[in-house]
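Heads up: the sequence shown begins at 1 in UniProt numbering, then just goes up one per residue.
Beta carbons: idealized from backbone N, C-alpha and C, even for Gly.
Here is the structure we will look at.
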Amino acid sequence: MNSELTLTQMEIKDNTFARQFETTFDGKLISVEYSFQEKKIFLTRITTFDGFDHPDFIDDFLKNIMEIAYERKLKVVPVFPKIAAFMRKNPTYKDLLPPGIKI
1 MNSELTLTQM EIKDNTFARQ FETTFDGKLI SVEYSFQEKK IFLTRITTFD
51 GFDHPDFIDD FLKNIMEIAY ERKLKVVPVF PKIAAFMRKN PTYKDLLPPG
101 IKI
């Protein structure tokens, strides 16, 4: 794990059947959908519940997902615009991008 990052401990479930990472906020489900191709994980969508307005929580969720990608030695392709914006805002994760992908 990168020493300059402080991650909020949250329980993340990798629901391989639904192809999404899941966590809860106030007892409600929040998920990031993905698909795999070779050694790449394509992050395709963030799903929250109505009335959810906590961008810092989503940033922490994505940081934890990036750490999972590091552990599994995966490259990350941010398909969803909010995830691409997160990666632009956090250049620490630039090395997770596959060769030739710039955001």
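What residues are listed by DSSP as bridge partners for residue i?
i: K13; result: E22
i: I41; result: F36 and V76
i: L29; result: T24
i: T47; result: S31
Looking only at its own chain, which residues have a Cβ that is under 6 Å from the Cβ of residue i, when we skip the five neighbours before and after it?
i: M87; result: P78, Y93 and I103
Pick helix, strand or coil for residue i, following the three-state DSSP scheme.
i: L96; result: helix
i: E4; result: Because the pLDDT at E4 is just 39, under 50, the model does not fix this residue reliably, and the value given afterwards should be weighed accordingly. Of the three classes helix, strand and coil, the one that applies to E4 here is coil, per DSSP.
i: D53; result: coil
So, at 8 Å on beta carbons, what are the nonlocal neighbours of residue i in its own chain, with the 5 sequence-adjacent residues on each side left out?
i: K39; result: K73, L74 and K75
Looking at the ligand FMN, does it come within less than 7 Å of residue i, judged from the CB to the closest heavy atom?
i: F80; result: Absence of the ligand FMN from the depicted structure is noted, as is the absence of any ligand whatsoever, leaving it without description.
Excluding the 5 residues preceding and the 5 following residue i in the sequence, name in chain order all residues of the same chain whose CB lies nearer than 7 Å to its CB.
i: Q20; result: S31, V32, E33 and Y34
i: P98; result: K40, K75 and V77
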